[in-house]
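I have placed the structure first, in the form of structure tokens, so that the comments after it can refer back to it.
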Amino acid sequence: MLNRKLTVINHNFTNRKIDRLCHAATFEWDEDHGAAAGSPAKGSSRSHAVTEVNWKNIDDSSTAYSSSPITAGNNSYEKWQFGHFSGTYNQILSGLFAHTAGAFGTGLTLKGPPATTGDGDRPIYTTPATTANANLSNDMTSVIAIGSGVAVFFGATGPEATGKAASTTANPAYTNFLPTQLQTTSGAAAGDTATATLTLQYQEN
Amino acid sequence: MNDEILTKDIFCASEQTTTSHAGSVDDNGEFVFTCQTEGCGRSLKFAADTTPEQFAVALKQHEATSSGQVDVSKQKDKLKALLGVSLQDAEPSSQPDDSQPDNNQENTTTVNSEQPAQPQE
């Protein structure tokens, strides 16, 4: 059986405008769980200010990953996380998402969302499952530079909402969903993975 | 009876090129394709109910999404190669570049300058 853990770091923003007072947006990672509900679809429950994205054999953000390990050859439940902005800012823009630190071992593949290029191709929430999710077409297994990350869009109301664009002045604002899934083969070694980092980079002004 | 080796050329995100992948079915009935490039071993996995049509679409999406990634570890290897380059290795070209037409234009870019914040009294 495998245990998986990961640390998400949510920083990396650039102030474009220098003022006497350095205004900054407040950022948190949120996560949806449970059956898809509503239209546009979102999770039946939403966790706020999550500080990790531990892939495991259960769909929640409370159970310790060691209590719900992934059996080698199986996949984790998807983690439907997203960025949530509030506080003081004029605009959030230029979002990028990538796996930027921490190597995975043999038999482990991290899959994530493709680049969002328009409102119509933002990831659509589905009930989390352990079946390999073909919509997660981005192979995020290797550590890459954040500049090579996939584009992320922003908008009002929630990650599920329409109207996502490359920049937003909405407050609060949300990224599109950033779902990930750890897929394993029978050759994966037992035990914890090394700690890895997924980064969301954005600019604010 | 010889074991049949099932392979398919698939884009490898690690190698950043199309490579031969060995196909197999895991204990859950999901399809696994493993890169055969020496030292790679990366795998792609598809759901047990994947149809040929879905498989074709997924492969195209995988390549479109995963190509262009700059692998940091491989960049570090390139950095080591660059550090080994001496100034004598690079000789300026004495031949004119005939590949580009001689129609250079000077571009002017307008930059909007920001007003500095006014000090408050």
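Here the protein sequences line up with chains A and B, keeping their order.
For the record, in the first sequence the residue sitting at position 95 is 893 according to the numbering used here, with numbers rising by one throughout.
For the record, in the second sequence the residue sitting at position 81 is 183 according to the numbering used here, with numbers rising by one throughout.
We treat Cβ as the ideally placed atom computed from N, Cα and C, and that holds for glycine.
This structure is a prediction, so every number in the text was calculated from the model and none was measured.
The three-state secondary structure of A/Gln979, taken from DSSP, is strand. Ranked by Cα distance from A/Ala994, the options A/Thr983, A/Thr978, A/Ser984 are led by A/Thr978.
Interface flag for A/Thr886 against chain B is unset, since no Cβ pair is found closer than 9 angstroms. Taking 9 angstroms as the threshold, the shortest C-beta distance from B/Ala150 to chain A falls below it. A/Tyr863 sits in a helix when the DSSP states are folded into three classes. With respect to the 9 angstroms criterion, A/Lys877 and A/Pro867 are not classified as neighbours on the basis of their beta carbons. Of all residues in the region 111–123 of chain B, only Ala115, Ser116 come within less than 8 angstroms of chain A when Cβ atoms are compared, listed by chain position. DSSP lists A/Gln981 as the beta-bridge partner residues of A/Asn873.
Within its own chain, the residues whose Cβ lies closer than 6 angstroms to the Cβ of A/Ser884, once the five positions on either side in sequence are excluded, are Thr824, Pro970, listed in chain order.
Taking C-alpha positions only, A/Ser864 is separated from B/Glu117 by approximately 33 angstroms.
Taking a beta-carbon distance threshold of 9 angstroms, A/Ala943 counts as an interface residue toward chain B. A/Leu980 and A/Ala932 have their C-alpha atoms spaced approximately 12 angstroms apart. Membership of B/Gln163 in the alpha helix (DSSP H) is indicated by the continuous run 154–168.
Just so you know, the alpha carbons of A/Ala862 and A/Asn852 end up roughly 8 angstroms apart. Taking a C-beta cut-off of 7 angstroms against chain B, the contacting residues of the region 929–943 of chain A are Thr929, Ala930, Ala932, Ser935, Asn936, Asp937, Thr939, Ser940, Val941, Ile942, Ala943, listed in chain order. Between A/Ile890 and the set A/Asp919, A/Ala954, A/Asp990, the nearest pair of CA atoms involves A/Ala954.
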